[in-house]
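Worksheet: one structure, shown below.
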Amino acid sequence: MEHRLDEVRTEVLRRNPGEPEFHQAVTEVFASLAPVVAEHPHYLEAGVIERICEPERQIIFRVPWTDDAGRVRINRGFRVQFNSALGPYKGGLRFHPAVSLGTVKFLGFEQIFKNALTGMPLGGAKGGSDFDPKGRSDAEVMRFCQSFMTEAHRYIGEHTDVPAGDIGVGRREIGYLFGQYTRIVDRHESGAITGKGLSWGGSLVRNEATGYGLVYFVRRMLERHGRDLDGARVLVSGSGNVAIAAAERVASLGAIVVGMSDSTGALATPDGIDITRVRELKEERRTTLTGYDVPGARFVSGATAWELARELRVDVALPCATQNELDADAARLLVTAGTTVVAEGANMPCTPEAVRLLREAGVLFAPGKAANAGGVATSALEMQQNASRDSWSFEHTDSRLAEIMDDIHDRCLETSIAYGAAGDYALGANIAGFTRVADAMLALGVI
3 MEHRLDEVRT
13 EVLRRNPGEP
23 EFHQAVTEVF
33 ASLAPVVAEH
43 PHYLEAGVIE
53 RICEPERQII
63 FRVPWTDDAG
73 RVRINRGFRV
83 QFNSALGPYK
93 GGLRFHPAVS
103 LGTVKFLGFE
113 QIFKNALTGM
123 PLGGAKGGSD
133 FDPKGRSDAE
143 VMRFCQSFMT
153 EAHRYIGEHT
163 DVPAGDIGVG
173 RREIGYLFGQ
183 YTRIVDRHES
193 GAITGKGLSW
203 GGSLVRNEAT
213 GYGLVYFVRR
223 MLERHGRDLD
233 GARVLVSGSG
243 NVAIAAAERV
253 ASLGAIVVGM
263 SDSTGALATP
273 DGIDITRVRE
283 LKEERRTTLT
293 GYDVPGARFV
303 SGATAWELAR
313 ELRVDVALPC
323 ATQNELDADA
333 ARLLVTAGTT
343 VVAEGANMPC
353 TPEAVRLLRE
363 AGVLFAPGKA
373 ANAGGVATSA
383 LEMQQNASRD
393 SWSFEHTDSR
403 LAEIMDDIHD
413 RCLETSIAYG
423 AAGDYALGAN
433 IAGFTRVADA
443 MLALGVI
């Protein structure tokens, strides 16, 4: 069976050349499936594994728009609708110059299992464009978003495909996208997009959900191992929405955030970070962490967050920036710094070699498809509120998020125990997510 599984993986990689991130995501999942197919060979015999690796639909389209100087610009839009066995496609949109079909496929593949782990009826998808909103005026961003949605509206809807935000797509972009969608379809279909503003169908906690959920997962992980976050020294990479929310919540639980980073360098805050100052810099002034002028802090230009581990004792590391940011060298630095937990706030931020080194050192490792599922979970809660024309309090929604993250943690841990790898959260997440989707696919026939 293991030989047959390797043959399937080889064929998947052959059919998708030039997409290293997708290859990495597929290989990481396949590494966990051997004990599953040994016990349940029908997954191989029925071709479920091949089908789960093949997107149901891949959409690529032109996005023409006009900049403020009147020059016509062209970008490329993507939407990969990967799997709808559990429900409507669900996954964010990423606007970043590095976005390609391979990037979107890797993110969509991960999204299948992430959504399945929430226990909610959601399929997996992802999308985006190689458009860069940084340095663009609001008018330029609006024109781009309107052009993007003019094409994308054909493929989305509250019962079909529900996009949300991701890197480069915040509430401003969601507003422009949703406005164009309602204009074209001529109806206020609130559940067609999530991440909306509170005054026009959004949900409390949605903006904080991925970062908060990450912290709730870590809290549960530590609880199950007889520890807690009080007094823990936490290093966070990135300073976007996920990183800021994670830093805010982990500090509220008694931890000390000893550093953050952005594209220009890393900020060491050994006495704890002033998250209000970070929010001001990143969300209001839209500038870099070089402006963080709190006494006792030190900014290291060009450095990564992980390089700060050389000088800081680090108990918990939360990579919240982008894929493959934490490599083998960074993993060694964290191990030397005494790190005992690494939980992925971004999608696949740790390289395979880094994960191997962390596990060998006895570091508890939480993969992104489990640890950062709070964003899509709260998107589903937003969809519930839209469907019932209701609005929940912050406390109620936050409580539901914490319950969901606890359930995801427990499902991953229990699955790892059931398959003889207690505490291997990556294996637990992969198997728990895979079996839920695979069983649904079998029930629906060959589709």
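Taking the working numbering as reference, the numbering of the sequence shown is continuous, increasing by one, and the terminal residue is 449.
C-beta atoms are modelled at their ideal positions from N, C-alpha and C, and glycine is treated no differently.
Item, Value
"To the nearest angstrom, how far is the alpha carbon of Val439 from that of Ile449?", "13 Å"
"Between which two residues does the beta strand (DSSP E) carrying Val164 extend?", "Asp163 to Gly167"
"Pull up the distance between the alpha-carbon of Ala434 and that of Thr417, whole angstroms please.", "6 Å"
"What's the gap between the Cα of Thr342 and the Cα of Asn349?", "20 Å"
"Which residue marks the beginning of the beta strand (DSSP E) containing Tyr421, and which one marks its end?", "First-last for Tyr421: undefined, no H or E at that position."
"Is the separation between the beta-carbon of Gln113 and that of Asp163 shorter than 7 Å?", "no"
"With Leu231 and Gly215 assumed to form a contact (beta carbons below 8 Å), what rounded beta-carbon distance in angstroms separates them?", "Not a contact, Cβ separation roughly 14 Å."
"Excluding five sequence neighbours on each side, which residues of the same chain lie with their C-beta closer than 7 Å to the C-beta of Val50?", "Ala440, Met443 and Leu444"
"Mapping the DSSP letters down to three states, classify Met262 as helix, strand or coil.", "strand"
"Which ranges would you report for the beta strand (DSSP E) in the segment 62-141 if only whole runs of at least 3 residues count?", "74-85, 91-97 and 126-131"
"How long is the line joining the alpha carbons of Glu250 and Glu47, rounded to whole angstroms?", "48 Å"
"According to DSSP, Gly203 sits in a beta bridge with which residue or residues?", "In the DSSP output, where bridge partners are listed per residue, Gly203 has none listed."
"Mark His411 as exposed unless 16 or more other C-beta atoms lie within 10 angstroms of its C-beta, in which case mark it buried.", "buried"
"Need the endpoints of the beta strand (DSSP E) that Leu231 sits in, please.", "That residue, Leu231, is in no beta strand (DSSP E); it is neither H nor E in DSSP."
"For Pro351, which of helix, strand or coil comes out of DSSP?", "coil"
"Please state whether the Cβ-Cβ distance between Gly104 and Glu23 is less than 7 Å.", "yes"
"Could you compute how far the alpha carbon of His44 sits from the alpha carbon of Ala253?", "47 Å"
"So, Val217 versus Ala248, is the Cβ gap smaller than 7 Å?", "yes"
"Identify, in the order they occur along the chain, each residue of the same chain with its Cβ nearer than 6 Å to the Cβ of Asp132, setting aside the five sequence neighbours on each side.", "Asn77, Arg78, Pro99 and Val101"
"Do you know offhand how far Glu346's Cα is from Arg222's?", "15 Å"
"Hey, how far is the Cα of Val39 from the Cα of Phe32?", "10 Å"
"Just checking, does the segment 265-273 make contact with the segment 287-304 on the three C-beta pairs under 8 Å criterion?", "yes"
"In whole angstroms, what is the alpha-carbon distance linking Asn18 and Leu7?", "17 Å"
"Taking C-alpha atoms, which residue in Asn374, Arg312 and Leu283 lies nearest to Ala323?", "Asn374"
"Starting from Gly267, trace the beta strand (DSSP E) in both directions and tell me its first and last residue.", "Gly267 to Ala270"
"Can you tell me whether DSSP reads Val296 as helix, strand or coil?", "coil"
"DSSP three-state label for Arg391, please.", "coil"
"Judging by CA-CA distance, which residue of Leu269, Trp308, Phe80 and Pro37 is the nearest neighbour of Thr292?", "Leu269"
"Taking the alpha-carbon positions, what's the Ala87 to Glu160 distance?", "16 Å"
"Rounding to the nearest angstrom, what Cα-Cα distance links Leu320 and Gly137 in this structure?", "28 Å"
"Among the candidates Glu405, Leu335 and Gly425, whose CA atom is the shortest distance from the CA of Cys414?", "Gly425"
"Exposed or buried, which one is Pro66 when buried takes at least 16 other CB atoms within 10 Å?", "exposed"
"CA-CA distance, His25 and Phe108?", "8 Å"
"With Val357 and Leu336 assumed to form a contact (beta carbons below 8 Å), what rounded beta-carbon distance in angstroms separates them?", "With a Cβ gap of about 12 Å, Val357 and Leu336 do not count as contacting."
"In the DSSP output, what is Gln60 paired with across the bridge?", "Val82"
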